[in-house]
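Trainee: Can you keep this structure in mind? I'll have questions shortly.
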Amino acid sequence: MSPKQFKQTLLAVLVITAFLLPLAVQSPTYLHILIMLYLYAYMTTSWNLVGGFAGVLPLGHSVFVGIGAYISTALWLQWGISPWLGMLAGGVVAAGVGYLIGKPTLKMRGAYFALSTMAFVEGVRVIVENLDYLGPLKLNGPRGLNIPPADGGFWAFQFSSKEPYYYIILIMLIGVALLTWYISRSKLGYCLQAGGEEPEAAQALGVNVARSKVIAMVMSSFLTAIAGSFLAQLTLFIYPKSVLTLDLSFELAFIALVGGRGYIAGPILGAFLLRPVSEFSRIYFGDSLPGMHLIIYGVILIVVMLYQPRGLAEPFGRLFDSVARKFATKDDDTAQTVGSSDKVKGGA
Amino acid sequence: MDLVFLLQDVINGVLMGSIYGLVALGLTLIFGVLKVINFAHGSFIMVGMFVGYWIVLFTGLHPYLALVLVVPVMFFFGYAVQHWLIRPIFIAERDVREPITVIIVTTGIWYVLDNLALLLFGPDYRALSPNPLKGEMLELGEIFISIPKFYGFLTTIATCAGLYWFMQKTRTGRAIRAVSLDRDAASMMGINQWKIFNIAFGIGTAVAGIAGVVLTPFYNVYPSVGVPFDVKSFVIVVLGGLGSIPGALLGGVIIGLIESLGPIYMTATWTEAIVYGLFLMVLFFKPSGLFGQKHDW
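Here the protein sequences come in this chain order: A and B. Those letters in the first sequence? Residues 542 to 889, by the numbering used here. Those letters in the second sequence? Residues 244 to 540, by the numbering used here.
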């Protein structure tokens, strides 16, 4: 077995395990934790399209989560349009907003871009908190929107058990990971990579850096908004502070940076490392030591950035490669090139 | 509209705005030299507030006397943070133009500091007592001026004057300016850029401490008090031009005026939306801000 085959086998085993996991994990609590973990991995993978490949730091992706959540919910509550269609509608609106925001801001330097996306979230949150209606759309101000239980089942995107949510988000996650993989090998991916590392040089070689960044932003907004609709259907209650917060935006950036931004596996790795930390430390310290879980979170962030500024995907990848090489047949010397091939961009 | 009331609001806006300027001053200073947005700035203000608060609580001294202790403590705190946590990343990411990793580290520091305060002191809102400045008003005819805010205004002026003198007249100040203009050229001239980074970060943190002390007499102290100031400081420094000291003051006054005049014409919560709207407009149309230089870093 060559290292490449070994990797493919392992990946297949992981995916199959993920599909079979609900058979073993019966507890709704743990299933919910897994769902949230996949949801964050999904959102961060979407974030990674612009935050990782394009080399900027968006700190406002919760705007798109909010757009997705509010649009699918409003369509369902007001006109009975299925959240499945609302998801797409939210995605399209978010893509439009992503374009409008990305077009002027993506030309800015890193710090300005980060700050403007931050201001954008805060601005949108203030607006949503102050409006009961935006045109025909019901926002209900700071009280948010409550989705009453429906017996429409699949059409209503409401399920009595956690399993359907689990499979939906798992398929979404695999889909977005495959999409990222495809993009990283496409012309767009190479343009982004070149533009992220050496914008001037890339421009001189005829790469339209600004355009490829905007395209990445639009795709990223669309995909993130879909996660917002999913989140709304999962929790059945949305309000500005749950979906339009800087906290959520920051967490996506943290997961990506700890995992390794610019790597396809980075966001997923980051979510698997950081989400359990925040979930379990909240459970264990939540009452006795308030704030402890965020201290742990902050310390992890600082330590990882100090010792692995490019995220943990790099050392994990190296470890994985050496294992793969051990299992590989001796005469196969492609190990080295295969090992580094899933790296898209050096990060930061 | 009664002119006196309008004047009253304008004065309040300018006073509070100058304090916002002071709050943003440390941020703009650090950015000017290191080209790093310090997301922990609000937390530094919170630390300054808590240090000032405890000093007054235990000694009963006038709040402003706490400055004698707060300024050096905060300076060395900032110096240490820069030396131990930020410098290694600068070295590791030497060839990266935009130090995004540093932003994340400062965010980590923010999380740790705010939650450490929460863990140690609890979520309670604390008001300074004994507070010799509480509710004191200066009467000018029909206009009332809050004494703590007026002192804050004076402190802002004094801090700016002090900084200006330091930057123009001292060797270290000149070295800081040299490093902020061109760190490579400054290094070649024999300036130790790492030491200058540490000092600049220390000064920025000390200024955040001064802002904290100024705020304490009329503002509650609690662990997440820095967060609104954090976001506000970002708005102010971008408005005034990242890295510009007069820009920070002007940006602060603009925000102060919007906040004090806005509620006359609309619901108070909407003024916040105006602030962000203005912020985004400046970013789109004049990203270098009102006083900022064209960024070529």
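C-beta atoms are modelled at their ideal positions from N, C-alpha and C, and glycine is treated no differently. In this text, all values refer to a predicted model and were calculated from it rather than measured experimentally.
Using only CA atoms, which one of A:Ile-796, A:Phe-826, A:Arg-859, A:Ile-622 lies nearest to Ala-691 (chain A)?
Mentor: A:Ile-622
Trainee: Can you find at least 3 beta carbon pairs, one from the segment 291 to 305 of chain B and one from the segment 369 to 385 of chain B, that sit closer than 8 Å?
Mentor: At 8 Å Cβ cutoff, the stretches touch.
Trainee: Can you pull out the residues from the segment 514 to 533 of chain B whose beta carbon lies closer than 8 Å to at least one beta carbon of chain A?
Mentor: Glu-515, Ala-516, Tyr-519, Gly-520, Phe-522, Leu-523, Leu-526, Phe-527, Pro-530
Trainee: At the 7 Å Cβ level, is Ile-388 (chain B) part of the contact set with chain A, yes or no?
Mentor: No, Ile-388 (chain B) lies away from the interface with chain A (no Cβ there is under 7 Å from its Cβ).
Trainee: Does the ligand PLP have even one heavy atom less than 6 Å from the beta-carbon of Ser-623 (chain A)?
Mentor: By its list of ligands, the structure shown contains no ligand whatsoever, and the ligand PLP lies outside what it can speak to.
Trainee: Excluding sequence positions up to five away, which residues of its chain have a Cβ less than 7 Å from the Cβ of Gly-832 (chain A)?
Mentor: none
Trainee: Taking a contact to mean a Cβ-Cβ separation below 7 Å, would you say Asp-357 (chain B) touches Pro-466 (chain B) in this structure?
Mentor: Contact: yes.
Trainee: Using a Cβ-Cβ distance under 7 Å, would Ile-498 (chain B) count as near chain A?
Mentor: no
Trainee: Going by Cα to Cα distance, which pick from B:Ile-343, B:Ala-454, B:Thr-398 is closest to Met-289 (chain B)?
Mentor: B:Ala-454
Trainee: Does DSSP put Tyr-674 (chain A) in a helix, in a strand, or in coil?
Mentor: Of the three classes helix, strand and coil, the one that applies to Tyr-674 (chain A) here is strand, per DSSP.
Trainee: Examine the Cβ distances between the segment 796 to 805 of chain A and the segment 611 to 627 of chain A and report whether three or more of them are shorter than 8 Å.
Mentor: no
Trainee: Comparing the C-beta of Asn-671 (chain A) with each C-beta of chain B, is any distance below 7 Å?
Mentor: Closer than 7 Å: yes.
Trainee: Please decide whether Asp-539 (chain B) counts as near chain A, where near means a Cβ-Cβ distance under 7 Å.
Mentor: Model confidence at Asp-539 (chain B) stands at a pLDDT of 43, short of 50, so the residue's coordinates are unreliable; what they give is reported in the following sentence. So no, Asp-539 (chain B) is outside the interface.
Trainee: For Ile-557 (chain A), which of A:Glu-820, A:Val-597, A:Ile-712, A:Ile-779 has the nearest alpha-carbon?
Mentor: A:Ile-712
Trainee: Quick check on the DSSP output: what are the complete alpha helix (DSSP H) runs of length 4 or more inside the segment 723 to 759 of chain A, in order along the chain?
Mentor: Fully enclosed alpha helix (DSSP H) runs of 4 or longer: 728 to 738, 740 to 745.
Trainee: Would you mind working out which of B:Arg-417, B:Thr-399, B:Val-313 sits nearest Val-299 (chain B), comparing C-alpha positions?
Mentor: B:Val-313
Trainee: Is it a yes or a no for the segment 403 to 420 of chain B touching the segment 245 to 256 of chain B, going by three-plus beta-carbon pairs under 8 Å?
Mentor: no
Trainee: Taking 7 Å as the limit between beta carbons, can you name the residues of its chain near Trp-722 (chain A), skipping five residues before and five after?
Mentor: For Trp-722 (chain A), where only same-chain residues beyond five positions count, the Cβ hits under 7 Å are Ile-805.
Trainee: Is the beta carbon of Ser-476 (chain B) less than 7 Å from the beta carbon of Leu-270 (chain B)?
Mentor: For Ser-476 (chain B) and Leu-270 (chain B), yes; Cβs fall inside 7 Å.
Trainee: Is it the case that the Cβ atoms of Ile-332 (chain B) and Thr-344 (chain B) are separated by a distance below 7 Å?
Mentor: yes
Trainee: Among A:Gly-737, A:Leu-785, A:Tyr-838, whose alpha-carbon lies nearest the alpha-carbon of Gly-651 (chain A)?
Mentor: A:Gly-737
Trainee: Entirely within the segment 324 to 368 of chain B and at least 4 residues each: give me those alpha helix (DSSP H) ranges in chain order.
Mentor: The qualifying runs are 330 to 335, 343 to 364.
Trainee: Roughly how many angstroms lie between the CA atoms of Phe-364 (chain B) and Pro-689 (chain A), to the nearest whole one?
Mentor: 40 Å
Trainee: Name the chain B residues whose beta carbon is nearer than 8 Å to that of Phe-840 (chain A)?
Mentor: For clarity, residue 840 (chain A) is Val in the given sequence; the question names Phe instead. By Cβ distance, chain B contributes Gly-351, Val-355.
Trainee: List the residues of chain B that Met-659 (chain A) touches, going by C-beta distances under 9 Å, in chain order.
Mentor: Val-474, Phe-477
Trainee: Measure the Cβ-Cβ separation of Val-348 (chain B) and Met-846 (chain A) and say whether it is below 7 Å.
Mentor: Their beta carbons are under 7 Å apart, which means Val-348 (chain B) touches Met-846 (chain A) by this criterion.
Trainee: Tyr-707 (chain A) by DSSP, collapsed to three states: which one?
Mentor: helix
Trainee: Of all Cβ atoms in chain B, is any one closer than 7 Å to the Cβ of Leu-847 (chain A)?
Mentor: yes
Trainee: For Phe-461 (chain B), collect the residues of the same chain with a Cβ closer than 6 Å to its Cβ; drop the 5 residues on either side in sequence, then sort them by chain order.
Mentor: Pro-391
Trainee: Using beta-carbon positions only, say whether Ile-724 (chain A) and Gly-716 (chain A) come within less than 7 Å of one another.
Mentor: Contact flag unset, no.
Trainee: Enumerate in chain order the residues of its own chain whose CB-to-CB distance from Thr-765 (chain A) is below 8 Å, with the five nearest sequence positions on each side excluded.
Mentor: Closer than 8 Å at Cβ, skipping near neighbours: Met-584, Ser-587, Trp-588, His-602, Phe-605, Val-606, Gly-609, Ala-635.
Trainee: For Lys-529 (chain B), which of helix, strand or coil comes out of DSSP?
Mentor: coil
Trainee: Would you be able to state if there are at least three C-beta pairs under 8 Å between the segment 656 to 669 of chain A and the segment 744 to 764 of chain A?
Mentor: Not touching, per the Cβ criterion.
Trainee: In the DSSP assignment, find the unbroken beta strand (DSSP E) run with Glu-385 (chain B) in it and report its ends.
Mentor: First-last for Glu-385 (chain B): undefined, no H or E at that position.
Trainee: Alpha carbon to alpha carbon, how far is Phe-274 (chain B) from Leu-523 (chain B)? Give it in angstroms, no decimals.
Mentor: 19 Å
Trainee: List, in chain order, every chain B residue whose beta-carbon is nearer than 7 Å to that of Leu-835 (chain A).
Mentor: Tyr-354, Asn-358
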